[in-house]
Amino acid sequence: METAWKAEAGTPELPKGRPVKAKSNLWGRVKEQRLLYLLMLPALIVTLLFSYVPMFGLYMAFVNYSPGGGPFFSQFFTAKFVGFEWFSYFFNNGDFYMIMRNTIAQSFLSLLFGFPMPIILALMINELRGGWFKRTFQTVSYMPHFISWVIAANIIITVLSSGGVINNILTGLGFIDEPIQFMQKGPLFWWIIAFSNTWKDMGFNAIMYLAAISAINPELYEVAKVDGASRLKQMLHITLPSIKPTIIILAILAVGGILNAGFDQQYLLQNNTVLQYSEVIDTYTYKYGLQNGMFSYGAAVGLFKSLVAFILVISVNTMAKKMNEQSLF
Numbered sequence: 001m002e003t004a005w006k007a008e009a010g011t012p013e014l015p016k017g018r019p020v021k022a023k024s025n026l027w028g029r030v031k032e033q034r035l036l037y038l039l040m041l042p043a044l045i046v047t048l049l050f051s052y053v054p055m056f057g058l059y060m061a062f063v064n065y066s067p068g069g070g071p072f073f074s075q076f077f078t079a080k081f082v083g084f085e086w087f088s089y090f091f092n093n094g095d096f097y098m099i100m101r102n103t104i105a106q107s108f109l110s111l112l113f114g115f116p117m118p119i120i121l122a123l124m125i126n127e128l129r130g131g132w133f134k135r136t137f138q139t140v141s142y143m144p145h146f147i148s149w150v151i152a153a154n155i156i157i158t159v160l161s162s163g164g165v166i167n168n169i170l171t172g173l174g175f176i177d178e179p180i181q182f183m184q185k186g187p188l189f190w191w192i193i194a195f196s197n198t199w200k201d202m203g204f205n206a207i208m209y210l211a212a213i214s215a216i217n218p219e220l221y222e223v224a225k226v227d228g229a230s231r232l233k234q235m236l237h238i239t240l241p242s243i244k245p246t247i248i249i250l251a252i253l254a255v256g257g258i259l260n261a262g263f264d265q266q267y268l269l270q271n272n273t274v275l276q277y278s279e280v281i282d283t284y285t286y287k288y289g290l291q292n293g294m295f296s297y298g299a300a301v302g303l304f305k306s307l308v309a310f311i312l313v314i315s316v317n318t319m320a321k322k323m324n325e326q327s328l329f
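Note that my numbering numbers the sequence shown so that position 26 is 26, with each residue one more than the last.
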């Protein structure tokens with residue numbers, strides 16, 4: 001019976017008496033799959049040129065580099081080596097607490113609202129049955145992603161201005177007597193950034209979950225209907241468990257980028273009155289590293305952010321692998 005089952009399943013029977021040797025030769029595998037490696041070659045070259053070759057510039061974080069009129073490489077490699085002096089300067093000056101507080105707070109709020117909303121939106125779109133309405137709704141939902149932050153920031157500032165839509169609605173409903181100066185209140189800036197990031201990216205991020213949903217076997221839904229499961233139960237017991245691996249992988253990447261509070265939105269929406277709440281690592285690095293000419297200091301701050309992100313990705317990936325047996329690598 002077992003032999004018949006294997007035959008029906010298309011599993012070939014191995015010859016007895018001679019063990020099968022796996023191809024462990026690397027060159028043999030490359031030769032066998034040469035076309036696949038050839039397709040990977042352009043992506044590999046681009047990754048090396050734009051992701052790995054520039055990493056030699058991290059040396060700038062450990063030297064006191066100051067550009068002059070001579071050749072770049074001669075000045076770069078002959079700059080005075082200062083070790084971890086720039087890192088110590090960043091940790092001990094008065095800006096460290098403010099920068100880390102703003103970065104973590106904005107990133108956490110953006111993650112709190114921005115991570116579940118694409119999942120909810122994807123589930124909603126998947127439940128729509130009208131073909132044209134479903135396509136139109138999906139297109140409208142991810143259109144904000146393709147709007148430049150320069151335009152999006154002006155839209156947000158206009159909507160939240162004293163004569164904007166939000167204040168007009170709140171005044172008309174009697175919730176407030178005078179317009180709220182949203183862009184002048186520091187504690188509100190974190191929430192404005194979180195909601196702005198969610199509004200702009202949730203439609204585009206939902207595409208990944210919709211792709212995962214489309215790969216679910218339709219027979220599961222048919223069986224659930226026969227058993228009398230409602231649409232809500234199908235969503236909770238079929239759709240969500242089926243896209244769980246995608247959710248976990250994207251959650252790992254999101255937590256790893258907790259210090260990536262963004263640059264465009266902060267730089268375009270911030271002003272002097274909310275600077276104590278709007279300055280994050282990216283804007284701080286830009287102002288000190290480029291505007292003030294402290295290139296080594298900016299490189300040290302950027303390297304610190306990358307190291308923290310790397311540690312977070314490894315840690316969260318390890319936890320996810322132990323708890324759910326699903327991980328990024």
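No residue lacks a Cβ here, since even glycine has one placed at the ideal position from N, Cα and C.
- According to DSSP, residue pairing for V301 in a beta bridge does not occur.
- Contact between the segment 122-141 and the segment 278-285 is not established, with fewer than three Cβ pairs separated by less than 8 Å.
- If you compare the alpha carbons of L170, I314, L123 with that of Q234, the shortest gap goes to L123.
- In the structure shown, F175 adopts coil according to DSSP, grouped into three states.
- Sorting Y65, L44, P54 by C-alpha distance to the C-alpha of G293 places Y65 at the top.
- The alpha helix (DSSP H) runs lying completely inside the segment 197-241 and spanning 4 residues or more are 218-226, 231-234, given in chain order.
- Here the alpha carbon of P144 sits roughly 5 Å from the alpha carbon of K200.
- Comparing C-alpha distances from F87 to each of P71, F76, G70, V63 shows the shortest one belongs to V63.
- Distances from the alpha-carbon of P116 to those of Q265, K244, S306 put K244 closest.
- Spatial neighbours of V82 in its own chain (CB-CB distance under 7 Å, excluding positions within 5 residues in sequence) are listed in chain order as F62, V63, N64.
- Counting of Cβ neighbours within 10 angstroms places W190 among the buried residues, the total reaching 16 or more.
- In terms of Cβ geometry, V316 and V255 form a close pair [threshold 8 Å].
- Your pair L121 and S141 checks out as a contact, with CB atoms roughly 6 Å apart and the cut at 8 Å.
- Assignment of F295 by DSSP, reduced to helix, strand and coil, places it in the helix class.
- The beta-bridge partner set that DSSP reports for K80 consists of N64.
- Nearest Cα to I119 within the set L44, Y277, I247: I247.
- Counting the other CB atoms within 10 Å of its CB gives A152 a total of 16 or more, which places it among the buried residues.
- Between P187 and S162, the CB-CB gap reaches or exceeds 8 Å.
- Shown here, V316 sits in a helix according to DSSP, grouped into three states.
- The residues I166, N167, F182, M183, I192, in chain order, have a CB closer than 8 Å to that of L160 in the same chain once the five nearest residues on each side in sequence are set aside.
- If you draw a straight line from the Cα of N92 to the Cα of W132, it is about 58 Å long.
- The DSSP-derived three-state label of S107 is helix.
- Measuring C-alpha to C-alpha distances from Q266 to each of L44, A299, N197 identifies N197 as the nearest.
- With respect to I238, I207 sits apart: the two C-beta atoms are not nearer than 8 Å.
- For the 8 Å CB-CB criterion, Q106 and A261 form a contact.
- Between the alpha carbons of N205 and Q270 lies a gap of roughly 25 Å.
- Sequence-distant Cβ neighbours of T158 in its own chain, meaning closer than 7 Å and more than five residues away, are G164.
- The three-state secondary structure of S148, taken from DSSP, is coil.
- In the DSSP assignment, Q276 falls within the unbroken alpha helix (DSSP H) covering 275-278.
- Sequence-distant Cβ neighbours of T103 in its own chain, meaning closer than 7 Å and more than five residues away, are L259, A261, V280, I281.
- Of the candidates L232, L303, F329, the residue whose Cα lies closest to the Cα of V313 is F329.
- For K321, the closest alpha carbon among the candidates I249, I176, F76, V30 is that of I249.
- Judged by DSSP secondary structure, Q270 falls outside any alpha helix (DSSP H); it is assigned neither H nor E.
- Apart from sequence neighbours up to five positions away, the residues of its chain that approach Y288 with a beta-carbon distance below 8 Å are M294, Y297, G298, V301, ordered along the chain.
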